[in-house]
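Structure first, then comments.
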Amino acid sequence: MRRFAFLAVFAALAGAAVSAQAADTYKFNLHNKSSEYVINGFRTFEGGAWSKNWIDFKLKPGESAEMDWGSNDGNCVVPFKVDWVGYESEKFSVDWCKVKNIYMKDQGFSFD
């Protein structure tokens, strides 16, 4: 009987945690882990077009910025591109439902 009560409490807590997470917006941190490149743009691809630039600043190597979609609606997998000062944009795709940090590197990116 104790085991059943524990499982019931655990299930209720897990459900509350999922509901709280689902209600949150897609927030993440953008980290510039490159050795010398400056990020000056971040755009997402939705509805058949690239969004306006999310940032109005330059993110230098070693710097980070908090980013927020302001929503949790829509698909979890949405392409994005990063603009670099003096270089062409790079296009990527990621599951935004799982991302808390994006690490832009000299070549490519990683996330957790």
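Oh and the sequence shown: position 51 is 51 in UniProt numbering, straight run, nothing missing.
From the three backbone atoms N, C-alpha and C, an ideal C-beta is built for every residue, glycine too.
Since the model is a prediction, treat every value here as computed from it, not as a measurement.
- Looking at the DSSP output, Y87 bridges to W84.
- Between the segment 96–108 and the segment 30–49 there are three or more C-beta pairs closer than 8 Å, enough to call the two in contact.
- As far as DSSP is concerned, W54 takes part in no beta bridge.
- Close CB contacts of I55 within its chain, under the 6 Å cut and outside five residues either way in sequence, are with F42 (chain order).
- Boundaries cannot be given for E36, as no beta strand (DSSP E) includes it and DSSP labels it neither H nor E.
- Under DSSP, Y103 forms a beta bridge with H31 and S110.
- The beta carbon of K60 sits closer than 7 Å to the beta carbons of N32 and V38 from its chain, once the five residues preceding and following it are set aside; these are given in chain order.
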